[in-house]
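Here's the structure, in structure tokens; my notes come after.
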Amino acid sequence: MKKFLTLVAAAVLSVSAWAADGVKITVQNPLGHDRTSEMVELDATALRKKLKSQGGLVVTDADGREIPSQLTWDGKLIFQPAVGGKSKSVYYVKAGEPQTYTARVFGRQYPERKDDVAWENDIVAYRTYGPALQQSGERAWGYDIWNKRTDRLVVDERFALELDPEVANVSRKLRKMGREQLAQELYYAVSYHVDHGTGMDCYKVGPTLGAGTTAVLAAQGQEIVYPKCYVGYEILDRGPLRFTVRLTYAPETIEGHEVTETRLITLDAGSHMNRCRVGYEGLPARWPIATGIIVHNENPTAYVLNAKSGYMGYEDLGDVNQYREPWREQLNKDFGRIYVGTVCTAVPTTMRFQQGEGLPGAIGHILAQSAYQPQTAYTYYFGTAWSRNPSTGIESLTDWEAYLSRFAEQVRRPLKVSF
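Going by this note's numbering, the letters in the sequence shown line up with residues 1393 to 1811, in that order.
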């Protein structure tokens, strides 16, 4: 017994020693359910001042075990705590060099694919379109969804397969020989539009707001001014827990005002939702803007609007015409259900379905309209889920609405952090 008590005392002294060298972080959950995949942000400058150190920072749990963290471009130390419902958890930050953590996010620009910027975490992936595509005359303006059913980071390998020059060369030769069907089968064997085990791109964007893009409204809030493709980008955070990119857009003349848009998009590990901060330079006063999700012909009424809670969601069936015959019927079976949603950080002015004419394969948008205040940032979240990803448990529009409802509640009642 004496030996056991000696070991316990040594362990307590050991914990006390490293705790005394660190800053105690208390994370409190005001909600009744467990919260395990949210990111908390700490002021790195304030922490270094308390620690009297200008070097690296390490986060540990209450037992002294190091957990993954990241220093962000805007001076934050971030990590993901685990906090039970109506309870609190304790962590410590110490001076030191953190371990090398396995990246759970990734993103970059792909000039080899008409300047796409694509990004992902361990459950979702997205892309947006750039200047080379705009110059080509193709019209694709909103956010695109790349469905995933793996926790691996796969965007890079999908582009590499799709754009493999050797495959493209063989395909051209086959077409010259009149072997069109064989050439098409070769393309489908590498295309990211086909599920090869990790997911696929079967979502249709075109000249729409796609999966949750925000736009300025004209004609007293009735006309969408589509923001086209980005003209400049800067990647600010590259992981391991957070990806951040800043996008800038060409000036648009809106009712006599030259307006320039900037977006700051952040995706954290383990989350379905991107945080997006949008700014418009040139708007002279409060102005109507709207976040939109395209509603396709195949599922015209499968959406939910909840203005009071600030979320809207849609069930998309995928681009049913993207494959040629005779492959279409077989490949379309892999589409599953694509769930798209947005969450406003403040209660929107209104939510509505707005019919749109001339939209290829679509009947209009669901819109969350708000008022933009000049010299500020409009902040909201957009995200997706896929019924074929077994790790998320989201297999119906009901499941997706439940996720959006809880996410909206967490946005309004964030984890409380003190140190």
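Built from N, CA and C at the ideal position, the CB exists for glycine as well.
(request) Please classify Phe-1551: does DSSP put it in a helix, a strand, or coil? (result) Indexing the sequence shown from 1 puts residue 1551 at position 159. Three-state DSSP puts Phe-1551 in a helix.
(request) Could you tell me the distance, in whole angstroms, from the CA atom of Trp-1511 to the CA atom of Ala-1454? (result) Residue 1511 sits at position 119 when you count from the first residue of the sequence shown. Residue 1454 sits at position 62 when you count from the first residue of the sequence shown. Taking the Cα positions, Trp-1511 is about 33 Å away from Ala-1454.
(request) With distances taken Cα to Cα, identify the nearest neighbour of Ala-1495 among Arg-1544, Ser-1479 and Ala-1682. (result) The residue given as residue 1495 occupies position 103 in the sequence shown. Scanning Arg-1544, Ser-1479 and Ala-1682 for the CA closest to the CA of Ala-1495 turns up Arg-1544.
(message) Taking the alpha carbon of Arg-1550 as the reference point, which residue from Asp-1711, Ile-1515 and Met-1592 has its own alpha carbon closest?
(response) Indexing the sequence shown from 1 puts residue 1550 at position 158. When only C-alpha atoms are compared, the closest one is Met-1592.
(message) Tell me which residue opens and which closes the beta strand (DSSP E) that Asp-1435 is part of.
(response) For the purposes of this step, residue 1435 is taken as residue 43 along the sequence shown, with counting starting at 1. According to the DSSP assignment, Asp-1435 belongs to the beta strand (DSSP E) that extends over 1432-1435.
(message) Excluding the 5 residues flanking Phe-1727 on each side, which residues of the same chain have their C-beta closer than 7 Å to its C-beta?
(response) Looking up residue 1727 in the sequence shown gives position 335. Within the same chain, and ignoring the five residues on either side of Phe-1727 in sequence, the residues whose Cβ sits closer than 7 Å to its Cβ are Cys-1594, Leu-1709 and Gly-1710.
(request) On a CA-only basis, which of Lys-1700, Ser-1701, Gly-1705 and Gly-1684 is nearest Ala-1694? Give me that one, please. (result) As a working mapping, residue 1694 is identified with position 302 in the sequence shown. When C-alpha distances from Ala-1694 are compared across Lys-1700, Ser-1701, Gly-1705 and Gly-1684, the shortest belongs to Gly-1705.
(request) Use the C-beta contact count for Gln-1360: other C-beta atoms within 10 angstroms, 16 or more gives buried, fewer gives exposed. (result) The first residue shown for the chain is 1393 and the last is 1811, placing residue 1360 beyond what the model contains.
(request) For the stretch 1763-1807, list the beta strand (DSSP E) runs that are entirely contained and at least 3 residues long, ordered along the chain. (result) As far as the stretch 1763-1807 is concerned, its whole beta strand (DSSP E) runs of at least 3 residues are 1770-1778.
(request) Identify, in the order they occur along the chain, each residue of the same chain with its Cβ nearer than 8 Å to the Cβ of Trp-1410, setting aside the five sequence neighbours on each side. (result) On the sequence shown, residue 1410 is found 18 positions in, with the first residue counted as 1. Because the pLDDT of Trp-1410 is 48, which lies under 50, any placement of that residue in the model is unreliable, and the question is left without a value.
(message) Along the chain, where does the beta strand (DSSP E) containing Arg-1744 start, and where does it finish?
(response) Within the sequence shown, residue 1744 is the residue found at index 352, counting from 1. Counting along the chain, the unbroken beta strand (DSSP E) around Arg-1744 starts and ends at 1742-1747.
(message) Suppose contacts are defined by Cβ-Cβ distances below 8 Å. Is Asn-1666 in contact with Tyr-1795 by that definition?
(response) Within the sequence shown, the letter at position 274 stands for residue 1666. Within the sequence shown, the letter at position 403 stands for residue 1795. Their beta carbons are not under 8 Å apart, which means Asn-1666 does not touch Tyr-1795 by this criterion.
(message) So the candidates are Gly-1648, Arg-1669, His-1649 and Glu-1650; which of them puts its Cα closest to the Cα of Thr-1658?
(response) Taking the sequence shown and counting its residues from 1, one reaches residue 1658 at position 266. Proximity to Thr-1658 across Gly-1648, Arg-1669, His-1649 and Glu-1650 peaks at Arg-1669, based on C-alpha coordinates.
(message) Within the continuous alpha helix (DSSP H) that includes Gln-1446, where are the two ends?
(response) Taking the first residue of the sequence shown as 1, we reach residue 1446 at position 54. Careful: Gln-1446 lies outside any alpha helix (DSSP H) and carries neither H nor E.
(message) Rounded to the nearest angstrom, what separates Gln-1501 and Arg-1638 at their Cα positions?
(response) Walking along the sequence shown from the start, residue 1501 turns up at place 109. Walking along the sequence shown from the start, residue 1638 turns up at place 246. The straight-line gap from Cα to Cα measures roughly 12 Å.
(request) Alpha carbon to alpha carbon, how far is Ser-1788 from Arg-1729? Give it in angstroms, no decimals. (result) Looking up residue 1729 in the sequence shown gives position 337. Looking up residue 1788 in the sequence shown gives position 396. Between the C-alpha atoms of Arg-1729 and Ser-1788 there is a straight-line separation of about 8 Å.
(message) Helix, strand or coil for Ala-1402? Go by DSSP, reduced to three states.
(response) Indexing the sequence shown from 1 puts residue 1402 at position 10. Because the pLDDT of Ala-1402 is 42, which lies under 50, any placement of that residue in the model is unreliable, and the number read from its coordinates should be weighed accordingly. In the structure shown, Ala-1402 sits in a helix (DSSP, three-state: H, G or I).
(message) What does the alpha-carbon distance come out to for the pair Lys-1351 and Val-1546?
(response) Any question about residue 1351 goes unanswered here, given that the chain covers just 1393 to 1811.
(message) Quick check on DSSP: helix, strand or coil for Val-1559?
(response) To locate residue 1559, count along the sequence shown from 1; it is residue 167. Residue state, collapsed to three classes: helix.
(message) Which of the three DSSP states is assigned to Ala-1694 in this structure?
(response) Translated into the one-based positions of the sequence shown, residue 1694 becomes position 302. The answer is coil: DSSP assigns Ala-1694 none of H, G, I, E or B.
(request) Look at the alpha carbon of Lys-1540 and the alpha carbon of Glu-1458, and state the distance between them as a whole number of angstroms. (result) For the purposes of this step, residue 1540 is taken as residue 148 along the sequence shown, with counting starting at 1. For the purposes of this step, residue 1458 is taken as residue 66 along the sequence shown, with counting starting at 1. A straight line joining the alpha-carbon of Lys-1540 with that of Glu-1458 spans about 29 Å.
(request) Return helix, strand or coil for Lys-1478, following the three-state DSSP convention. (result) Stepping through the sequence shown from its first residue, residue 1478 is reached at position 86. Of the three classes helix, strand and coil, the one that applies to Lys-1478 here is coil, per DSSP.
(message) Applying the 10 Å Cβ sphere with the 16-neighbour rule, what's the burial state of Asn-1781?
(response) If you number the sequence shown from 1, residue 1781 lands on position 389. Buried, by the Cβ-count rule.
(request) Go to Glu-1644, then tell me how far its beta strand (DSSP E) extends in each direction, as first and last residue. (result) Your numbering for residue 1644 matches position 252 in the sequence shown. Where Glu-1644 is concerned, the enclosing beta strand (DSSP E) stretches over 1644-1646.
(message) Checking 8 Å against the spacing of the C-beta atoms, do Pro-1632 and Val-1497 come in under that value?
(response) Here residue 1632 corresponds to residue number 240 of the sequence shown, with the count starting at 1. Here residue 1497 corresponds to residue number 105 of the sequence shown, with the count starting at 1. Cβ distance < 8 Å, so Pro-1632 and Val-1497 count as in contact.
(message) According to DSSP, is Ala-1438 part of a helix, a strand, or is it coil?
(response) If you number the sequence shown from 1, residue 1438 lands on position 46. Of the three classes helix, strand and coil, the one that applies to Ala-1438 here is helix, per DSSP.
(request) With a threshold of 16 other CB atoms inside 10 Å of the CB of Ala-1402, please say whether the residue is buried or exposed. (result) The residue you call residue 1402 lines up with position 10 of the sequence shown. Unreliable positioning characterises Ala-1402 in this predicted model, as indicated by a pLDDT of 42, which lies under 50. A coordinate reading is not provided.
(message) What does the alpha-carbon distance come out to for the pair Val-1623 and Arg-1630?
(response) Here residue 1623 corresponds to residue number 231 of the sequence shown, with the count starting at 1. Here residue 1630 corresponds to residue number 238 of the sequence shown, with the count starting at 1. Their backbone Cα atoms lie some 21 Å apart in a straight line.
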